[in-house]
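In the UniProt record's numbering, the protein residues as written are 1 to 322. Think of the CB as a built atom: it goes at the ideal place given N, C-alpha and C, for glycine as much as any other residue. Read through the structure below, which is laid out as structure tokens, and then see the notes.
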Amino acid sequence: MKTRFTEMFGVEHPIAQGGMMWVGKAELVSAVANAGALGFLTALTQPTPEELTKEIARCRDMTDKPFGVNLTILPSINPPPYAEYRAAIIESGVKIVETAGYKPQEHVDHFKQHGVKVIHKCTAVRHAVSAEKMGVDAISIDGFECAGHPGEDDIPGLILIPAAADKISIPMLASGGFGDGRGLAAALALGADGINMGTRFCATKEAPIHENFKQAMVEADERQTKLIFRTYRNSARVAANAISEEVVRLEREGKPFEEVAHLVKGQRGREGYETGDTERGIWSAGMIQGLIHDVPTVRELVERIVDEADAIITDRLARMAS
Ligand SMILES: Cc1cc2nc3c(=O)[nH]c(=O)nc-3n(C[C@H](O)[C@H](O)[C@H](O)COP(=O)(O)O)c2cc1C
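Spelled out as structure tokens, the structure:
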């Protein structure tokens with residue numbers, strides 16, 4: 001399949017793997033690249049910019065295909081040294097970045113000065129429009145179904161994707177709730193140039209997380225996610241477990257963030273991924289869990305999605321149209 005996305009980023013398939021805290025490491029990203037899709041290392045998964053430089057080198061050892069780095073900009077009491085992470089990305093010669101989060105202008109300007117292509121991921125049409133004005137090369141638009149931060153507008157992909165396609169002219173990835181060829185064909189029909197997936201890539205052989213999490217995603221249905229941090233206007237979609245249920249309960253009681261902070265520490269989530277304890281902390285997962293039924297290799301997954309989408313378009317839909 002040839003789209004504006006495959007042309008612009010020099011990849012074979014119109015599929016990206018978005019940044020994923022604790023999961024977006026070289027093992028997964030190189031497998032995505034080798035399968036002909038576009039993977040992103042997650043900058044902040046590395047404890048320091050120096051470690052990010054090493055991770056980029058490690059990924060290069062595992063693939064000679066293009067890959068990118070995700071830089072997520074979140075409001076924080078002790079913000080990470082964003083400018084240093086940004087410099088590490090540029091100095092490593094990485095040519096594609098996925099930005100996500102607040103006020104990316106300074107980062108976009110700097111990346112563009114160094115010839116780095118930027119895909120900005122956002123959750124609202126108005127943010128996509130301002131990112132296009134800011135000079136990004138492409139947009140990734142995350143619907144309400146997505147894992148991680150869906151924003152506060154609660155607009156599902158079926159509306160958000162065509163609404164964004166009507167307003168922006170640069171290439172656009174549809175994100176949130178994608179995991180199979182039906183989704184890819186639908187995204188292209190809605191006006192996107194490809195899909196971005198997170199959760200589906202977590203349930204692959206190469207994802208560097210404990211097997212228990214992959215099985216939990218296979219077993220979960222589409223209802224097994226929780227929206228936490230709604231009351232702090234920083235909503236996040238995570239897997240349903242005892243911890244996320246407790247967070248929702250405390251929020252319903254009107255508790256301030258300080259009283260849930262100990263439950264949602266990144267450290268706990270990371271320990272869970274390492275030890276296999278799916279109840280240790282919160283972990284991001286989207287509604288697409290309901291359509292995940294196996295744990296294939298990344299290559300099997302990518303090829304299956306593309307083949308299935310191709311068959312839908314050239315056979316099922318073509319027959320209907322004729
Ligand atoms: C485990 C996990 C961690 C994530 N961490 C980040 C992150 O650090 N930065 C970011 O921009 N997006 C993050 N995301 C969101 C994904 O990049 C992607 O936008 C989202 O998963 C798409 O929705 P889907 O899960 O339905 O495919 C994360 C998603 C998952 C599943």
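7 Å Cβ cutoff met for Pro150 and Arg60: As a position in the sequence shown, residue 150 is number 150, starting the count at 1. As a position in the sequence shown, residue 60 is number 60, starting the count at 1. By the CB criterion at 7 Å, Pro150 and Arg60 fall outside the cutoff.
Heavy atom of ligand 1 within 6 Å of Ser76 beta-carbon: Counted from its first residue, the sequence shown places residue 76 at position 76. Every heavy atom of ligand 1 is 6 Å or more from the Cβ of Ser76, so no.
Nearest candidate by alpha-carbon position, reference Ala88, set Gln105, Pro66, Val116: One-based indexing of the sequence shown puts residue 88 at position 88. Measuring from the Cα of Ala88, the nearest candidate turns out to be Val116.
Any non-hydrogen atom of ligand 1 within 6 Å of Val23 CB: Position 23 of the sequence shown holds residue 23. Under cutoff, so the answer is yes.
Extent of the continuous beta strand (DSSP E) run through Ala74: The residue given as residue 74 occupies position 74 in the sequence shown. Sequence check: residue 74 is Leu here, not Ala. Taken as a continuous stretch (DSSP letters only), Leu74 belongs to no beta strand (DSSP E), as it is neither H nor E.
Paired residues, beta bridge with Gly68 - DSSP: Here the question's residue 68 lines up with position 68 in the sequence shown. Under DSSP, Gly68 forms a beta bridge with Phe40.
Inter-residue CB distance, Val302 and Ile15 (contact presumed, cutoff 8 Å): Position 302 of the sequence shown, counting from 1, holds the residue named residue 302. Position 15 of the sequence shown, counting from 1, holds the residue named residue 15. Indeed, because the Cβ distance is near 6 Å, the residues count as touching under 8 Å.
Where Thr204 sits in the DSSP three-state scheme: By one-based count along the sequence shown, residue 204 stands at place 204. If DSSP states are grouped into helix, strand and coil, Thr204 belongs with coil.
Outcome for Gly281 when other beta-carbon atoms lying within 10 angstroms are tallied against a minimum of 16: Locating residue 281 in the sequence shown gives position 281, counting from the first residue. By the neighbour-count definition (other C-beta atoms within 10 Å, threshold 16), Gly281 is a buried residue.
Ala147 Cβ short of 6 Å to ligand 1 heavy atom set: Residue mapping note: residue 147 aligns to position 147 of the sequence shown, counting from 1. The answer is yes for Ala147.
Per-residue DSSP class, three states only, for Arg230: To locate residue 230, count along the sequence shown from 1; it is residue 230. In this structure, Arg230 counts as helix in the three-state DSSP scheme.
Assigned exposure category for Gly257 - 16 Cβ within 10 Å defines buried: Residue mapping note: residue 257 aligns to position 257 of the sequence shown, counting from 1. For the record, residue 257 in the displayed sequence is Phe; it is not Gly. Phe257 sits exposed, since fewer than 16 C-beta atoms from the chains shown fall within 10 Å of its C-beta.
Three-way DSSP call (helix, strand, coil) for Glu55 in this model: Counting from one through the sequence shown, the residue named residue 55 turns up at place 55. Reduced to three states, the DSSP call for Glu55 is helix.
Residue range of the beta strand (DSSP E) that includes Ser175: As a working mapping, residue 175 is identified with position 175 in the sequence shown. For Ser175, the enclosing beta strand (DSSP E) has its first and last residue at 172 to 175.
Thr314, DSSP secondary structure in three states: Taking the first residue of the sequence shown as 1, we reach residue 314 at position 314. Judged by DSSP in its simplified three-state form, Thr314 adopts helix.
Backbone secondary structure at Glu253 - three-state DSSP: For the purposes of this step, residue 253 is taken as residue 253 along the sequence shown, with counting starting at 1. Note: Glu253 maps to coil in three-state DSSP.
Where Arg237 falls: helix, strand or coil (DSSP): Counted from its first residue, the sequence shown places residue 237 at position 237. Secondary structure of Arg237 (DSSP, three-state): strand.
Any 3 or more C-beta pairs closer than 8 Å across the region 156 to 172 and the region 180 to 195: Taking 8 Å as the limit for Cβ pairs, the verdict is that the region 180 to 195 does touch the region 156 to 172.
Whether Glu98 touches Gly135 by CB criterion (7 Å): Start at 1 with the first residue of the sequence shown, and residue 98 comes out as number 98. Start at 1 with the first residue of the sequence shown, and residue 135 comes out as number 135. If you check the CB distance, Glu98 and Gly135 do not come in under 7 Å.
For Glu152, the three-state DSSP class (helix, strand or coil): Looking up residue 152 in the sequence shown gives position 152. If DSSP states are grouped into helix, strand and coil, Glu152 belongs with coil.
Residue 323 CB to nearest heavy atom of ligand 1 below 6 Å: No answer is possible for residue 323: the residues shown for the chain start at 1 and end at 322.
DSSP bridge partner residues for Cys122 (one or two, in chain order): The residue given as residue 122 occupies position 122 in the sequence shown. Note: Cys122 sits in a beta bridge opposite Ile141.
Residues that Lys214 bridges to, as DSSP identifies them: Stepping through the sequence shown from its first residue, residue 214 is reached at position 214. The beta-bridge partner set that DSSP reports for Lys214 is empty.
Gly101 - containing beta strand (DSSP E), residue span: Walking along the sequence shown from the start, residue 101 turns up at place 101. Unbroken beta strand (DSSP E) run through Gly101: 96 to 101.
Proximity winner among Trp283, Ala124, Gly272, Asp307, relative to Glu245 (alpha-carbon distances): The residue labelled residue 245 in the question sits at position 245 within the sequence shown. Closest by alpha carbon: Trp283.
Which of helix, strand or coil DSSP assigns to Gly266: Position 266 of the sequence shown, counted from the start, is the residue given in the question as residue 266. Judged by DSSP in its simplified three-state form, Gly266 adopts helix.
Pick from Arg319, Thr314, Ser322, Met320 that is closest to Met1, judged by C-alpha positions: Sequence index remark: in the sequence shown, residue 1 carries index 1 (1-based). The option with the nearest alpha carbon to Met1 is Thr314.
Stretch-stretch touch, CB-based, cutoff 8 Å, three pairs: the region 154 to 170 with the region 251 to 270: Result no; under three Cβ-Cβ pairs closer than 8 Å.
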